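Worksheet for the structure shown next.
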Amino acid sequence: MQHVTTITICLIKLRGLPFGLLNSPPPVIAVHHYFPLVLLNLGSILSNSASLNQGIPIPLNMIFKSSSLIANLFLGVLFLHHRPPPGKYCAAVVITLGLILCTYEDYRVRRAVEEQAEVVMAEKMDTPGHATGSQPLGIAFLSLSLLLSAGIGIYQESLVRRFGKYSDEALLYVHLLSLPLFCLVAFSDLLHHWTIFTACLFDPCSPTLPNYLTLILLLCTVASQFGCISCVYRLATECTSFTVSLVVTNRKFLSLMFSIYYFGNVFTVKHYLGSGMVFAGTLAISFIWS
């Protein structure tokens, strides 16, 4: 995951250099205004990675990140003095609970299948299965990542209010300044993941030929991350941070629904209930805005 993030940052720099630094126009927003955004971005990435390293499963990670709407509302009231109507709070809670319900139910269904497979394997190998305990440190890192992610949106909104809409400039300078710090802090992790990646890059049956599937998957992952980050930065200049958070939350929900369909998982009553809550909450917010 670390090396994918690093490659994505390098791609953003390469895309921005011909249109930003090499034309040598001074940035409209002074570079020092980007440093808090750089630190928030770096802290969010590192704390999220640290939570995964502590054994936090991906579904639990997604459940925590589903609370980004509520975190954004809280920080918006605290720092930007937003005064959203009560209906907006209710809709945000409904959407969050719906996404949490869908994520938990998907994890429960998958885990039930995996446990059956583990029992069969343990009986064949005559060895007991292993269980992982709670990871309070991982939960703390995950909570920190959630607050820092919400803080990114709040700070971006404050920059737009003060200086105007300069999404390409912000995208370039934030990642340009982030890369040295990211490589410095996560160097050992980067080296470890790069070793794993290079080991998977060549087919054991044909050591001289590269594993093209690994390269294709890496390129697809980096391209999708690049497109997602670019669109989020552009959206942040056109809408409030809450709107951006709402769009990202619904994107997570659609990704979850697609994974359930693609992998042929069971769609239970709780999935339908959670989907209805997300749809109803999003519709309610649309009516509140109109």
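Following the numbering used here, the numbering of the sequence shown begins with 208 at its first residue and continues without gaps.
Just so you know, even glycine gets a beta-carbon here, dropped at the ideal spot from N, CA and C.
Computed from a predicted structure; not experimentally measured.
Beta-carbon spacing of residue i, residue j below 9 Å
i    : j    : result
S258 : S356 : no
K272 : K459 : yes
G488 : A347 : no
A377 : Y469 : no
G345 : I467 : no
L247 : L388 : no
V320 : T444 : no
P234 : Y373 : yes
L354 : Y241 : no
P291 : L280 : yes
R318 : N472 : no
L397 : C390 : yes
For residue i, the nearest candidate out of the options (CA to CA)
i    : options                : result
I361 : C309, Y296, E312, L276 : L276
N268 : L391, F433, L349       : L349
V454 : L442, M464, L463       : L442
T421 : F404, N260, A430       : F404
N457 : V235, T310, S256       : T310
A491 : Y296, I307, G481, R315 : Y296
P343 : N260, H289, T402       : N260
S493 : I252, S274, G294, H289 : G294
8 Å contact criterion, which residue i and residue j should meet: CB distance rounded
i    : j    : result
I302 : V451 : About 14 Å separates the two Cβ atoms, so there is no contact after all.
V381 : L244 : 5 Å
F449 : G283 : 6 Å
L287 : S395 : Rounded, the Cβ-Cβ distance is 38 Å, inconsistent with contact.
T475 : E312 : 6 Å
Pick out the complete alpha helix (DSSP H) segments inside the segment 434-487, 4 residues or longer, and give them in chain order.
Here the runs fully enclosed are 448-469.
Counting only runs of 4+ residues fully inside the segment 277-322, write out the alpha helix (DSSP H) ranges in chain order.
The qualifying runs do not exist here; there are none.
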